[in-house]
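Asks:
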Amino acid sequence: MKRDDIIEYSLHAHHSEEEGVKKRKEIYKVTIILSVITIIEVTMGIVLGKALFLDNQSAWDMIKVAYIGLTAVKAAYIIMVFMHLGEERKPLRWLILAPYMFFLLYLLFFILVEAGADTAI
Amino acid sequence: MAGEATQQLTTKELWAGKRSPFSISYGKMMMWFFLISDALTFTGFLSALAFMRVKYADVWPITENIFYHFPFVHHTELPLLYVAFMTFILIISSVTMVLAVEAGHRMDKKGVTKWLFLTVIGGAVFLGSQAWEWSTFIQGSEYGAYDMGDGTMARLMNEEGTEIQLRDRTVISGAEAEEIKANHRVVQGANLHENEYGLPLYADFFFFITGFHGTHVLSGVIINLIILLNVRKGVYQKTGHYEMVEKVGLYWHFIDLVWVFVFTFFYLV
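Residue numbers (this note's numbering), protein chains in the order written: chain A, 21 to 141; chain B, 11 to 279.
Now the structure itself:
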């Protein structure tokens, strides 16, 4: 039996050829950004090999923070543009991101404290 | 996705019932919920890695000393380049997937088929690369490494073991090397009990995290393939929309997203 009270939200998602051109342009832009960030990360990894910094922990810590920052930028582009979360309604965005962020920070805090990161720094 | 979600509706209208307050179908919503729980699983794994990484910071293996092989290239060290290639492949297959979704929004069956097919190929290339990397890691370096007893390993640079490279990449030879050779045993390759590159724990994490991710890639490729066959048969053309491609697309982007983090926390940091 086919139900007629279900709204097919996907039927609203269709777009025209002209809009498609615009959308593809944005996809290619993000592709270039993601590739460039990856190239920067790998170049940093090869040129600034960790072995060079074994006796200079603070310099290595700075590189580590840079890596994590670049990764966060990549993740944001993938989630917001490729997974279209940026185009969804705001409550849905928070419904997905907020619980995850909460558990992530909770877990990281306890795990790093237990591993002794607070005494190491 | 755009469309309904961009329409201006009052909160009262949205939450009055008989509709999704998020302007999203049940299937897509559940895919997002699954992805959150899966993301938390991976977060657990990577946090466990962080825990051990901080705990054993002094002796943790250095990735450039491990992943320097490249297929068909011998006797040259190219640290991290092949992992970078794998990352690139997965990003590109994510792009072809988002292009398939875009073609679906124009009801362009030929476009969806083409881009989804390329996505499947990208996933297969990634899986093959991972199989190669696993086998290289399991086989180990050419001559193996001495177990230094403090959790670090010293790599043999020649068959006799008269030239040895330490963790910080300094190479020693002569009497010092002779002494190490006399007092330490050689380990070659890696498995769950032994690891010629350092702590066995490192190998455990490698097999577990990249293995769990690889299983996701494998299932993703299979699901994409099934959807590709449906697209070819015209199933979604008949339904009137390509939302199924969007849903498997979410899963596929998630796999790429996880790899971005594995790449940073396992290989780079």
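A virtual CB, placed ideally from N, CA and C, is assigned to each residue, including glycine.
By how many angstroms is the C-alpha of B:Lys119 removed from the C-alpha of B:Val241?
Replies: C-alpha separation (whole angstroms): 7 Å.
Asks: Per DSSP, what kind of secondary structure is B:Asp157 in: helix, strand or coil?
Replies: Reduced to three states, the DSSP call for B:Asp157 is strand.
Asks: List the residues of chain A that B:Val347 touches, going by C-beta distances under 9 Å, in chain order.
Replies: Residue 347 of chain B lies beyond the range of chain B shown here (11 to 279); nothing can be said about it.
Asks: Taking 7 Å as the line, does the beta carbon of B:Ile174 fall inside it for any heavy atom of the ligand HEM?
Replies: In the structure shown, the ligand HEM is absent, as is every other ligand, since no ligand is present at all.
Asks: Are B:Leu137 and B:Val268 closer than 8 Å when you measure CB to CB?
Replies: In this structure, B:Val268 does not lie closer than 8 Å to B:Leu137 by Cβ.
Asks: According to DSSP, is B:Val83 part of a helix, a strand, or is it coil?
Replies: Strand at B:Val83.
Asks: Can you give the Cα-Cα distance for B:Arg116 and A:Glu39, rounded to whole angstroms?
Replies: Taking the straight line from one Cα to the other gives about 9 Å.
Asks: With C-beta atoms as the reference, is B:Ala155 less than 8 Å away from B:Ala141?
Replies: No; because the gap between Cβ atoms is not below 8 Å, this pair is not in contact.
Asks: Starting from the C-beta of B:Leu238, find all residues in its chain whose C-beta is less than 8 Å away, skip the five residues before and the five after it, and write them out in chain order.
Replies: Closer than 8 Å at Cβ, skipping near neighbours: Thr123, Leu126, Phe127 and Val130.
Asks: As a quick exercise: from B:Val270, B:Val272, B:Phe273 and B:Phe264, pick the residue whose alpha carbon is nearest that of A:Leu105.
Replies: The shortest C-alpha separation from A:Leu105 is found at B:Phe264.
Asks: Report the three-state DSSP secondary structure of B:Val197 (helix, strand or coil).
Replies: Strand at B:Val197.
Asks: What distance in whole Å lies between the Cβ atoms of A:Val101 and A:Val143, which are believed to be in contact at a cut-off of 8 Å?
Replies: Since the first residue of chain A shown is 21 and the last is 141, residue 143 of chain A is not available in this structure.
Asks: Can you list the residues of chain A that B:Trp42 reaches, using a CB-CB cut of under 7 Å?
Replies: The answer, in chain order, is Ile116.
Asks: Identify whether A:Asn76 lies in helix, strand or coil by the three-state DSSP scheme.
Replies: The answer is coil: DSSP assigns A:Asn76 none of H, G, I, E or B.
Asks: Compute the Euclidean distance between the alpha carbons of A:Glu61 and B:Leu278, then round it to the nearest angstrom.
Replies: Their backbone Cα atoms lie some 8 Å apart in a straight line.
Asks: With a threshold of 8 Å between beta-carbons, can B:Lys282 be considered close to chain A, or not?
Replies: Chain B is shown only over 11 to 279; residue 282 of chain B falls outside these bounds and no answer can be derived.
Asks: Please list the partners that A:Ala95 has in chain B, where partner means a Cβ-to-Cβ separation under 8 Å.
Replies: The answer, in chain order, is Leu267, Val270 and Phe271.
Asks: Among the candidates A:Ile116, A:Ala86, A:Ile66 and A:Val56, whose CA atom is the shortest distance from the CA of B:Glu72?
Replies: A small correction: the amino acid at residue 72 of chain B is Ile; Glu does not occupy that position in the sequence shown. Answer by Cα proximity: A:Ile66.
Asks: Give me the Cα-Cα distance between B:Phe44 and B:Thr106, rounded to the nearest whole angstrom.
Replies: Going by the C-alpha atoms only, they are around 23 Å apart.
Asks: Can you tell me the Cα-Cα spacing of A:Ile27 and B:Val83, whole angstroms?
Replies: C-alpha separation (whole angstroms): 56 Å.
Asks: If you draw a straight line from the alpha carbon of B:Ile174 to that of B:Phe217, how long is it in whole angstroms?
Replies: Distance between the alpha carbons of B:Ile174 and B:Phe217 is about 27 Å.
Asks: Since B:Glu173 is in the beta strand (DSSP E), which residue starts that stretch and which ends it?
Replies: Segment Glu173 to Gln175, the beta strand (DSSP E) holding B:Glu173.
Asks: Quick one: Cα of B:Lys243 to Cα of A:Ala95, how far?
Replies: Using only the alpha carbons, I get a separation of about 34 Å.
Asks: According to DSSP, what are the bridge partners of B:Ile182?
Replies: DSSP lists B:Ile174 as partners of B:Ile182.
Asks: A:Phe102 CB to nearest chain D CB: under 8 Å?
Replies: Note that chain D does not occur in the displayed structure, where the protein chains are A and B.
Asks: How about B:Ala26: is its C-beta nearer than 8 Å to some C-beta of chain A?
Replies: Not an interface residue.
Asks: For the putative contact between B:Tyr246 and B:Met254, defined by C-beta atoms under 8 Å, what is the C-beta separation to the nearest angstrom?
Replies: Indeed they touch by this definition, with Cβ atoms about 6 Å apart.
Asks: Note down the Cα distance separating B:Ile284 from B:Pro89, rounded to an integer number of angstroms.
Replies: Since the displayed chain B opens at 11 and closes at 279, residue 284 of chain B lies outside it and no answer follows.
Asks: Going by alpha carbons, who is nearest to A:Leu54 out of A:Met82, A:Ile99 and A:Gly69?
Replies: Out of A:Met82, A:Ile99 and A:Gly69, A:Ile99 has the C-alpha closest to the C-alpha of A:Leu54.
Asks: To which residues of the same chain is B:Ala200 closer than 7 Å at the C-beta, ignoring the five residues directly before and after it?
Replies: Answer for B:Ala200: Phe147, Ile148, Gly150, Glu206, Tyr207 and Ala213, listed in chain order.
Asks: So, with DSSP's three-state summary, where would you put B:Val270?
Replies: Three-state DSSP puts B:Val270 in a helix.
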